[in-house]
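Visitor: Handing you a structure now.
Residue numbers (my numbering): 14 to 222.
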C-alpha cells in the first residue's frame, strides 16, 4: 500500500498533481472519480467537501487545491529537491501563489467572457488580463526556471498553467511562454504524466461510446 492516496479524474487539474507525483518519484495509489457520481458521493465529500479533484491523503493528512498539494509534496519529500532552501523561497512562494490566484482568475474570467468594468480593476485583484500576462511573462522569462537553476514545485504549477493556456488558447502565444513550455515538455516526469492521463482519457472516451 503506497503512502499517498491520489484522488483524480484524468480530465481535470489532477493532471498537475500527477505531474508533481511523477517528479517526486514516490509510489501512490490512484483513486479515479467520476464528476457526476463518485466525486459527489459521501465517501469522497468526507475527503473534499467541495466535491472536486485533485486531492491527496498522506500520513493521515488531507490536502486539496493543486497548488497547495504541490507545495506540500515538495516539503514532505525533500529528497526530490523540489523546493528551495527556506531563505531562498521568495520567488517560489510569490509565483506559486500568483498562478493560483491572479492567473487562475484572469484566465478563467476571460474564457467565460467576463471583462472587469473600467475603473473596477482594483476590486478584481488581478487588475486586467493583460497586466496578469505581463507579470507572468516576467516570472518565466529567464533561461531556466522560476527559482533560477533549480526546477521546483512552482514550475510544476505555474508551468501547467502556461502549458494549458497555450494548448487551449486561453493565454497569448508569446516567445517567453513558448520557450518555457518547451523546457517543461522535455522533462521525463511531464511526459510520464501525459502518457498516463492520456491513456486514461482514451479509456473513458472509449467506454462512453
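Each residue gets a CB set at the ideal place from its N, CA and C atoms; glycine is no exception. No experiment lies behind these values; they were computed from the predicted model shown.
(1) Could you check what DSSP says for residue 139 in three-state terms: helix, strand or coil?
(2) Mind checking who residue 24 pairs with in its DSSP beta bridge?
(3) Applying the 10 Å Cβ sphere with the 16-neighbour rule, what's the burial state of residue 178?
(4) Which residue comes first and which comes last in the alpha helix (DSSP H) that contains residue 121?
(5) In the DSSP assignment, what residue or residues form a beta bridge with residue 19?
(6) Indicate whether at least one CB of chain B lies closer than 7 Å to the CB of residue 167.
(7) Please state whether DSSP places residue 114 in a helix, a strand or coil.
(8) How should residue 30 be labelled, buried or exposed, when 16 other C-beta atoms within 10 angstroms of its C-beta is the threshold for buried?
(9) Quick one: give me the first and last residue of the alpha helix (DSSP H) that residue 206 is part of.
(10) Taking residue 143 and residue 158 to be in contact with their CB atoms under 8 Å, please state how far apart those CB atoms are, rounded to whole angstroms.
(11) Whether or not the segment 108-116 and the segment 140-155 are in contact is what I'm after, with contact meaning three or more pairs of Cβ atoms, one per stretch, closer than 8 Å; do they touch?
(12) Assign residue 97 to buried or exposed, taking buried as 16 or more other Cβ atoms, counted over all protein chains shown, within 10 Å of its Cβ.
(13) Quick check on the DSSP output: the alpha helix (DSSP H) that includes residue 171 runs from which residue to which?
(14) What are the boundary residues of the beta strand (DSSP E) that includes residue 76?
(15) Just verifying my parser: in three-state terms, what is the DSSP assignment at residue 56?
(16) Buried or exposed for residue 103, please, with buried defined as at least 16 other CB atoms from any protein chain shown within 10 angstroms of its CB.
(17) So residue 202 and residue 32 are supposed to be a Cβ contact under 8 Å. How far apart are they, rounded?
(18) Residue range of the alpha helix (DSSP H) that residue 193 falls in?
Guide: In short, the structure shows the following:
(1) Locating residue 139 in the chain shown gives position 126, counting from the first residue. Coil at residue 139, not helix or strand.
(2) Here residue 24 corresponds to residue number 11 of the chain shown, with the count starting at 1. Note: residue 24 sits in no beta bridge, so no partner.
(3) Walking along the chain shown from the start, residue 178 turns up at place 165. Under this definition residue 178 is a buried residue.
(4) Residue mapping note: residue 121 aligns to position 108 of the chain shown, counting from 1. Here the alpha helix (DSSP H) through residue 121 covers 117-124.
(5) Here residue 19 refers to the residue found at position 6 of the chain shown. For residue 19, which the question treats as bridged, DSSP gives the partners 43, 69.
(6) Included in the structure is just one protein chain, with no chain B present.
(7) Counting from 1 along the chain shown, the entry for residue 114 is found at position 101. Of the three classes helix, strand and coil, the one that applies to residue 114 here is helix, per DSSP.
(8) Along the chain shown, read from residue 1 onward, the residue named residue 30 stands at position 17. Buried, by the Cβ-count rule.
(9) Indexing the chain shown from 1 puts residue 206 at position 193. First-last of the alpha helix (DSSP H) with residue 206: 201-220.
(10) As a first step, residue 143 is located in the chain shown; it is residue number 130 there, counting from the start. As a first step, residue 158 is located in the chain shown; it is residue number 145 there, counting from the start. Actually they do not touch by this definition, with Cβ atoms about 24 Å apart.
(11) yes
(12) The count along the chain shown starts at 1 and reaches residue 97 at position 84. Result: buried.
(13) As a first step, residue 171 is located in the chain shown; it is residue number 158 there, counting from the start. First-last of the alpha helix (DSSP H) with residue 171: 166-181.
(14) Within the chain shown, residue 76 is the residue found at index 63, counting from 1. First-last of the beta strand (DSSP E) with residue 76: 74-77.
(15) As a working note, residue 56 is residue 43 in the chain shown. Here residue 56 sits in helix by DSSP.
(16) On the chain shown, residue 103 is found 90 positions in, with the first residue counted as 1. Counting Cβ neighbours within 10 Å, residue 103 comes out exposed, since fewer than 16 surround it.
(17) Locating residue 202 in the chain shown gives position 189, counting from the first residue. Locating residue 32 in the chain shown gives position 19, counting from the first residue. At roughly 6 Å, the Cβ-Cβ gap stays under 8 Å, so residue 202 and residue 32 are in contact.
(18) As a position in the chain shown, residue 193 is number 180, starting the count at 1. Here the alpha helix (DSSP H) through residue 193 covers 188-198.
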